[in-house]
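K.L.:
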Ligand SMILES: Cc1cc2nc3c(=O)[nH]c(=O)nc-3n(C[C@H](O)[C@H](O)[C@H](O)COP(=O)(O)OP(=O)(O)OC[C@H]3O[C@@H](n4cnc5c(N)ncnc54)[C@H](O)[C@@H]3O)c2cc1C
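In my numbering, the protein residues as written are 3 to 464.
1) Just the Cα atoms here: how many angstroms apart are residue 186 and residue 286?
2) Using CA coordinates, which residue listed in 95, 42 and 115 is at the minimum distance from residue 64?
3) DSSP state of residue 43, grouped into three classes?
4) Can you give me the C-alpha to C-alpha distance between residue 42 and residue 117, rounded to a whole angstrom?
5) In the structure shown, what three-state DSSP assignment does residue 171 receive?
6) So residue 190 is in the beta strand (DSSP E); what residue range does that whole segment cover?
7) With burial defined as no fewer than 16 other Cβ atoms inside 10 Å of the residue's Cβ, what is the status of residue 431: buried or exposed?
8) Under 8 Å between the Cβ atoms of residue 89 and residue 265?
9) Applying the 10 Å Cβ sphere with the 16-neighbour rule, what's the burial state of residue 339?
10) Less than 6 Å between C-beta atoms, sequence neighbours within five positions excluded: which residues of the same chain meet that for residue 445?
11) Would DSSP call residue 48 helix, strand or coil?
12) Just to confirm my understanding: we take residue 76, look at its own chain, exclude 5 residues before and 5 after, and list those with CB closer than 7 Å. What are they?
13) In this structure, how does DSSP classify residue 60 when only helix, strand and coil are distinguished?
14) Just list the residues that DSSP pairs residue 91 with in beta bridges.
15) Measure the C-alpha to C-alpha separation of residue 449 and residue 71 and round it to an integer number of angstroms.
16) DSSP on residue 33, reduced to helix/strand/coil?
17) So what does residue 163 bridge to, in DSSP terms?
18) Count the other CB atoms within 10 Å of the CB of residue 283; is the residue buried (16 or more) or exposed (fewer)?
19) Is the beta carbon of residue 310 sitting closer than 8 Å to the one on residue 188?
20) Using beta-carbon positions only, say whether residue 356 and residue 407 come within less than 8 Å of one another.
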């Protein structure tokens with residue numbers, strides 16, 4: 003048993019999962035969270051706000067024996083359902099048969115993790131406690147009780163900053179230790195809208211899909227909830243012709259939805275209230291370096307790398323941080339001075355890569371999913387993957403594998419070059435499925451060399 007303890011600030015999904023992992027290693031864990039205990043409050047203030055949980059998050063949950071409990075309340079989404087301006091739909095599968103991502107209630111997931119953690123020996127939760135500063139020399143963190151304003155000093159030997167995108171721990175490190183932090187805000191923001199269930203909790207859109215209404219500079223998406231409703235998110239520029247600023251009254255709102263999202267408009271109840279009662283939220287990417295201070299403080303999850311949500315990877319990446327940290331603790335036998343630099347080395351490159359991939363996916367989602375060439379590319383890539391299993395489309399590398407994000411990004415760029423050449427073949431649109439068309443594709447695969455090993459190996463197996 004270790005004599006060491008760990009102080010965790012922030013009981014979001016990443017901080018709570020970290021607490022569970024650390025307690026399983028025999029640490030005494032204190033978790034300080036600024037909000038109220040979510041077990042005492044209604045889930046998401048009575049409304050479901052959801053997110054997509056995929057392989058990396060599930061893998062991290064699995065290592066803590068939690069995946070079954072969490073996935074019990076998830077809805078599989080097998081692909082994108084793309085809605086055009088006439089309300090016509092087109093389904094694009096995410097991966098192979100049987101591969102899917104999971105729509106899950108954000109509040110429900112967090113609450114389940116906290117419930118599980120609080121049953122585990124060695125974890126103490128302190129809610130309504132906001133971290134307002136740290137003394138990095140004396141290793142004391144200061145918390146303020148939200149209810150009575152009382153301040154408490156808590157000493158630590160190891161401090162994890164898992165306090166989200168606006169991290170106080172990160173801010174202190176920036177101010178006192180000159181950490182390099184960049185925060186890039188997108189010109190687009192978002193609002194969440196509720197699409198209610200039909201009679202008998204029936205889903206009014208296809209249940210097992212992530213719905214997208216891509217409209218170039220903006221888009222609407224919808225993820226299913228278990229109660230038959232959907233949570234829609236409208237991503238829109240703050241300023242400009244079609245923007246939050248240009249939709250100021252009910253008439254403008256209706257005209258905008260009628261024009262661009264007519265099928266969604268007919269289903270979203272109380273759209274005026276939904277839209278005008280909430281402020282649009284910002285989206286930003288946070289880059290931080292270093293991720294650690296001495297052998298006593300580290301940043302993890304959104305505190306270390308908040309990203310835009312377009313790959314559905316923010317939480318998945320944060321949970322992966324926890325799994326990788328745990329593997330390093332195994333490898334270095336809990337020798338933190340050795341582990342922390344290794345953690346930084348293992349994560350920095352990869353969290354930067356998922357930040358870049360997430361921005362790329364924004365463009366893919368809002369512009370490309372409705373583009374003919376993009377759809378053709380997806381079909382050809384799926385066919386290549388079917389024959390040559392080692393050729394994993396980028397989306398699959400990111401979403402359905404543990405391949406480091408940086409490697410997925412590099413391979414994705416190779417794929418872009420390869421597919422550019424394939425899509426430039428004359429008549430590819432019409433003859434790619436024919437024997438002749440396929441021969442031309444394979445010629446390029448072989449010529450590129452990158453795929454030679456794969457192609458030859460797979461041919462031999464056939
Ligand atoms: C619109 C949107 C959609 C998203 N969709 C997805 C998706 O589909 N898939 C996915 O994987 N990710 C998604 N994400 C990202 C995901 O929500 C985050 O990556 C994830 O919540 C990060 O978890 P975390 O525990 O690091 O931080 P958080 O969830 O932000 O938790 C931080 C915790 O710290 C607490 N805290 C903050 N400051 C203090 C303080 N000073 N003292 C004490 N406690 C403090 C907070 O109250 C909070 O409980 C989405 C994000 C957005 C905005």
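Even glycine gets a Cβ: it sits at the ideal position worked out from N, Cα and C.
P.N.:
This is what the structure gives:
1) 5 Å
2) 115
3) coil
4) 11 Å
5) helix
6) 182–197
7) exposed
8) yes
9) exposed
10) none
11) Residue confidence is low: residue 48 scores 49 on pLDDT, short of 50, so the model does not pin down where it sits. Its coordinate-derived value is still stated next. It is helical.
12) 55, 104, 105 and 106
13) helix
14) 85
15) 48 Å
16) strand
17) 11 and 301
18) exposed
19) yes
20) yes
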